[in-house]
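Take a look at the structure set out below.
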Amino acid sequence: MDFNLPGEDDPRRIKVQQWFENNPNPTYAQLAEQGWTAPNWPAPWGVGADAEMQWIIDQEILRTGLELPYTINAIGLNQCGQSLLTYGTEAQRKKFLPGALACEEIWCMLFSEPSGGSDLGALRTTARREGDHYIVNGHKIWTSAADHAAVGVLVARTDPEKPKHKGLSMFLIDMNSPGITVNPIVDMTGEKNEYNEVFLDNVKVPADALLGREGEGWKIAMEQLQTERVGMTKPGVVWGMGPTARDLMDGLIATGRISDPLIRDEAAKAYVEGEILRLLTYRNMTNRINGKPAGFEGSAGKMLSSPHGQRMADLAKRSQGVAGMIRDPDVLPLPDKKWGMFSDWDYAYWFCPANTLGVGTQEVLLNVVAERVLGLPRDPDPTAKLPFFETTKTTARAAE
Amino acid sequence: MDFALSNDHVFLQDSAAKFVNEQVDLSPLLRPGADVSHAGYDRLWSQISELGWSAITVPEAYGGLGMSYIDLIMIIGETGRTLAPSPLFGTLAGAWAMQAAGSDRQKSEWLPKLSDGLKLALAMANENGSYDSTAPDVVAEPAKEGFKLKGAKSFVVDAASADAIVVSAMLDGRKDFFIVNSGAPGLDVEILEWRDITRQVCKITLSDVNAERLEESNDQVWPWVRDRLYLVLAAESAAGIKAVLDDAVDYAKERIAFGRPIGAFQAIKHQLANIAGVSEAAAALVQYAAWALSENDQRASLAAAMAQSYASEQYKQATHRNIQIFGAIGFTWEMKNHLYYKRARCNAELLGSPASQREQVVRILEHEAA
Ligand SMILES: Cc1cc2nc3c(=O)[nH]c(=O)nc-3n(C[C@H](O)[C@H](O)[C@H](O)COP(=O)(O)OP(=O)(O)OC[C@H]3O[C@@H](n4cnc5c(N)ncnc54)[C@H](O)[C@@H]3O)c2cc1C
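Chain order of the listed sequences is A and B. Each number in our numbering comes from the position in the first sequence (counting from 1) with 640 added on. Each number in our numbering comes from the position in the second sequence (counting from 1) with 76 added on.
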């Protein structure tokens, strides 16, 4: 057991630093050439970095003042891109990965629909095979980044005769295809648009855009959500991103607000929770170094981190008193660094109700842990075994 | 970075598990009126000391096993999981105080006896449960030979069974450490009606009791010992959380209501999933604290206080949920659920409240920031 992270004098770090010295102000494309935008992927995409090496590379990228590639192109580099390594064809990898790795083509995740997000298996968007194409029709919603994404990772129903989870397939679609309309949705922060709705109207998708085989959509999607949750175990305020309880504590100490007894004990609680998430992240790193699959840690980590972020943001806000209710008046200082989207407590605070919604709601996550980890009985789903087309009739009838 | 137990750790944990599974029997405690003496408190001790557990972190130079705190928590996890009644806690506390405050001669005299079954205790808190280093709860006065101690201490774990007790006492305006033989005239030990009946907790009164001063006494002794005791309690608590989780999960799969196992209802499922998360979290903090203490890491005190505050507070929650999930049967004396419920609450008070450890956390961070 050893909790020390690679130090400043680590030879691996020195090599990375040397490259940055020779290449000041690099572009993401240059970083991608080094294999550093997804270091843990195998060559030629990444450098097959173990978790420590990946940590070193991330640290050095942050030092240059750049945002981490996988926060800029989260869906491409964290959640979905890796599926191409397992399920994709060589042609698909060559077509899609270079743009994603260079952060020149942003990806989005076309999963949720107006009729339901938790019950993803009940989605209604269809992909019908016609010759060397599929024709896609449907309505996706809550799609982050769809307004500027080049590639959409789409789950659609290819076989309505099969039970709901079995008739789904995954596609990589060109977001500029005719028939796609993207409408931004203003979220409750009122800040820059976070998500969108996407209409798919007779969109022609080439057959070779199918990822894996027909019917494998559910399996691949579940793996992607699991990968995504592991990333979200980190101690940042929203889904692992942004400031942590360490930054909160620093700010409370620097402003003297820590001496308020109503803040003090809760700040300590938040700090301890933040350290727990840091430790769970280290455990994920170790498991990856030792080649153990990401299992419980992902779901458990997100289950802990989502409400933690909410508590922390609430405390940051409360420490500012009534002044915090005015837009953007952050008085708690934060270290000067690129946080990405969550660059101040104010935005994190108004955003964080989403913590326990996106990437599986807290309730769904608790179900996952109870059922898959503790082996408790599954929730009944009367629609699970029926051919899908019959279930839509039943729900329609129930609604009448 | 390597957050994994080594094969040696796992081996030690497995052998400790085998021992407690075979030897610990809480059933005598499930009759009202029973106390630790009915549940193998003395019987277990001879075997535990033979296994060397009380000297596990004592340096080899003093006859100990010289192992790390990570090894220690492999064992404490198992005794904590099964609530094994024995004077291990008191003996560890006394031995650590001796290790920190004793001179080389004193350590050579006392510590090797641990492997022969020596039982120790450490008397720190006063009758109010305060660990205040300025309270004159016991006062030392120079005597012809050594010192005489006068005063009272309470919440002394395993004092009634100890062969000797390390006592903190006021001398020249500071708290030094003294060792007192259990048979010394003027020493009165009263066993308290401590609610956690898997542990023996006592009050001691000293009326001019002969004592020997531990020659390296200084104001860093107690913080050093306390961090280690935090680790022990936190390791017990983390293991206890896992134990009550496992029991409740098993029960939730068996108990039927409305035609379904109660574990099929989300109100139950979600409570259990939350405890599963907390259980992982507490275990991670405990392992980190054990590592930090073993490495003398600069964050060791912080890590120990974090582990104790979190694990003991969450243990309280988990044991309460556990009783709720069992229903009325969980509220009876004949079930062991209440033993865990009580251990959790007593663990969260014995060395000060979780809030007091969080105060330590903040102070350390304020100090780091300054
Ligand atoms: C900021 C943000 C970004 C998002 N980005 C994307 C994206 O990029 N791509 C994408 O596809 N989706 C995205 N989503 C959608 C997200 O995945 C869904 O919101 C989520 O899966 C929940 O679905 P829903 O909103 O339809 O709620 P519903 O499924 O309708 O749930 C409503 C409520 O019912 C509860 N509930 C549902 N089923 C159960 C059950 N079995 N047991 C107990 N309670 C239950 C839920 O927990 C919730 O409280 C995003 C959401 C947010 C907030």
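Cβ atoms here follow ideal geometry from the backbone N, Cα and C, with glycine treated the same way.
Status (buried if at least 16 other CB within 10 Å, exposed otherwise) for residue i
{"i": "Ser758 (chain A)", "result": "exposed"}
{"i": "Asp118 (chain B)", "result": "exposed"}
{"i": "Thr711 (chain A)", "result": "buried"}
{"i": "Arg434 (chain B)", "result": "buried"}
{"i": "Glu1040 (chain A)", "result": "Note that Glu1040 (chain A) scores 49 on pLDDT, short of 50, meaning its location in the model is unreliable and no value can be drawn from it."}
{"i": "Asp986 (chain A)", "result": "buried"}
{"i": "Gly830 (chain A)", "result": "exposed"}
{"i": "Leu247 (chain B)", "result": "buried"}
{"i": "Met965 (chain A)", "result": "exposed"}
{"i": "Ala994 (chain A)", "result": "buried"}
{"i": "Thr821 (chain A)", "result": "exposed"}
{"i": "Glu730 (chain A)", "result": "exposed"}
{"i": "Asn423 (chain B)", "result": "buried"}
{"i": "Pro875 (chain A)", "result": "buried"}
Residue i: first and last residue of the uninterrupted beta strand (DSSP E) it sits in
{"i": "Ile715 (chain A)", "result": "Looking at the DSSP string, Ile715 (chain A) is not in any beta strand (DSSP E), and its letter there is neither H nor E."}
{"i": "Cys748 (chain A)", "result": "Trp747 to Leu750"}
{"i": "Pro218 (chain B)", "result": "Val214 to Pro218"}
{"i": "Asn777 (chain A)", "result": "His773 to Ser784"}
{"i": "Val242 (chain B)", "result": "Ala240 to Leu247"}
{"i": "Ala197 (chain B)", "result": "Leu196 to Ala199"}
{"i": "Thr766 (chain A)", "result": "Thr766 to Glu770"}
{"i": "Ser122 (chain B)", "result": "Segment Tyr117 to Leu127 is the alpha helix (DSSP H) holding Ser122 (chain B); no beta strand (DSSP E) there."}
{"i": "Lys655 (chain A)", "result": "Note, Lys655 (chain A): premise wrong, no beta strand (DSSP E); alpha helix (DSSP H) at Pro651 to Asn662."}
Through-space distance from residue j to residue i, alpha-carbon basis
{"i": "Leu972 (chain A)", "j": "Leu892 (chain A)", "result": "7 Å"}
{"i": "Gly1015 (chain A)", "j": "Ala343 (chain B)", "result": "16 Å"}
{"i": "Pro337 (chain B)", "j": "Lys329 (chain B)", "result": "5 Å"}
{"i": "Ile267 (chain B)", "j": "Phe254 (chain B)", "result": "21 Å"}
{"i": "Ser103 (chain B)", "j": "Ala115 (chain B)", "result": "8 Å"}
{"i": "Gly170 (chain B)", "j": "Val878 (chain A)", "result": "46 Å"}
{"i": "Leu763 (chain A)", "j": "Asn930 (chain A)", "result": "37 Å"}
{"i": "Thr765 (chain A)", "j": "Leu944 (chain A)", "result": "33 Å"}
{"i": "Ile241 (chain B)", "j": "Ala92 (chain B)", "result": "27 Å"}
{"i": "Leu674 (chain A)", "j": "Gly686 (chain A)", "result": "According to the sequence provided, residue 674 (chain A) is Gln. The question's Leu does not apply to it. The alpha-carbon atoms of Gln674 (chain A) and Gly686 (chain A) are separated by roughly 8 Å."}
{"i": "Ala796 (chain A)", "j": "Gly428 (chain B)", "result": "57 Å"}
{"i": "Asp252 (chain B)", "j": "Val96 (chain B)", "result": "37 Å"}
{"i": "Lys844 (chain A)", "j": "Arg769 (chain A)", "result": "10 Å"}
{"i": "Leu760 (chain A)", "j": "Glu661 (chain A)", "result": "47 Å"}
{"i": "Asp698 (chain A)", "j": "Gly728 (chain A)", "result": "26 Å"}
{"i": "Asp284 (chain B)", "j": "Leu225 (chain B)", "result": "5 Å"}
{"i": "Val438 (chain B)", "j": "Gly896 (chain A)", "result": "12 Å"}
{"i": "Val256 (chain B)", "j": "Ala689 (chain A)", "result": "59 Å"}
{"i": "Gly166 (chain B)", "j": "His443 (chain B)", "result": "32 Å"}
{"i": "Ser191 (chain B)", "j": "Ala177 (chain B)", "result": "20 Å"}
{"i": "Arg181 (chain B)", "j": "Leu194 (chain B)", "result": "17 Å"}
Start and end residues, alpha helix (DSSP H) containing residue i
{"i": "Ser283 (chain B)", "result": "Looking at the DSSP string, Ser283 (chain B) is not in any alpha helix (DSSP H); the run it does join, the beta strand (DSSP E), is Val277 to Arg289."}
{"i": "Ala796 (chain A)", "result": "It is not in any alpha helix (DSSP H) - Ala796 (chain A) instead sits in the beta strand (DSSP E) that spans Val791 to Arg797."}
{"i": "Phe341 (chain B)", "result": "Unbroken run through Phe341 (chain B): none, as it is neither H nor E."}
{"i": "Leu309 (chain B)", "result": "Val297 to Glu330"}
{"i": "Phe736 (chain A)", "result": "Glu730 to Leu741"}
Proximity test, residue i beta-carbon vs ligand 2 heavy atom, cut-off 6 Å
{"i": "Asp1019 (chain A)", "result": "As for ligand 2, it is missing from this structure, which binds only ligand 1."}
Where residue i meets chain A, residues with beta-carbon distance less than 7 Å
{"i": "Ser230 (chain B)", "result": "What Ser230 (chain B) touches in chain A: nothing, since even the nearest Cβ is about 26 Å away."}
{"i": "Met382 (chain B)", "result": "Val912 and Glu915"}
Proximal residues of chain B, C-beta to C-beta of residue i below 7 Å
{"i": "Lys874 (chain A)", "result": "Within chain B, no residue comes near Lys874 (chain A); the closest Cβ sits about 14 Å away, beyond 7 Å."}
{"i": "Lys909 (chain A)", "result": "Arg434"}
{"i": "Asn680 (chain A)", "result": "What Asn680 (chain A) touches in chain B: nothing, since even the nearest Cβ is about 14 Å away."}
8 Å Cβ cut-off: residues of chain A touching residue i
{"i": "Lys329 (chain B)", "result": "Gly1015, Leu1016 and Pro1017"}
{"i": "Val437 (chain B)", "result": "Ala908, Tyr911 and Val912"}
Listed by chain order, chain A residues near residue i by CB distance under 9 Å
{"i": "Leu307 (chain B)", "result": "In chain order: nothing, as chain A lies at least about 14 Å away."}
{"i": "Leu361 (chain B)", "result": "Val912, Glu915, Ile916 and Leu919"}
Partners in chain B for residue i, counting only beta-carbon separations shorter than 9 Å
{"i": "Met943 (chain A)", "result": "Ala349, Asn350, Ala352 and Gly353"}
Per-residue contacts from residue i into chain B (C-beta, under 8 Å)
{"i": "Ile893 (chain A)", "result": "Leu441, Glu442 and Ala445"}
{"i": "Thr798 (chain A)", "result": "By Cβ distance, chain B contributes nothing, its closest Cβ being about 32 Å from Thr798 (chain A), past 8 Å."}
Point to revise | Residue ranges of each alpha helix (DSSP H) within the region 807-878 of chain A, 4 or longer | key: 857-871
Point to revise | Ranges of the alpha helix (DSSP H) found wholly within the region 937-976 of chain A, counting only runs of at least 4 | key: none
Review point. Which whole runs of the alpha helix (DSSP H) in the region 150-193 of chain B are 4 residues long or more, in chain order?
Key: 164-177 and 180-186
Review point. What runs of the beta strand (DSSP E), each 3 residues or longer, lie entirely inside the region 350-392 of chain B?
Key: none
Practice item. With a floor of 3 residues, list each beta strand (DSSP E) that falls wholly inside the region 976-1020 of chain A, ordered by position along the chain. Key: none
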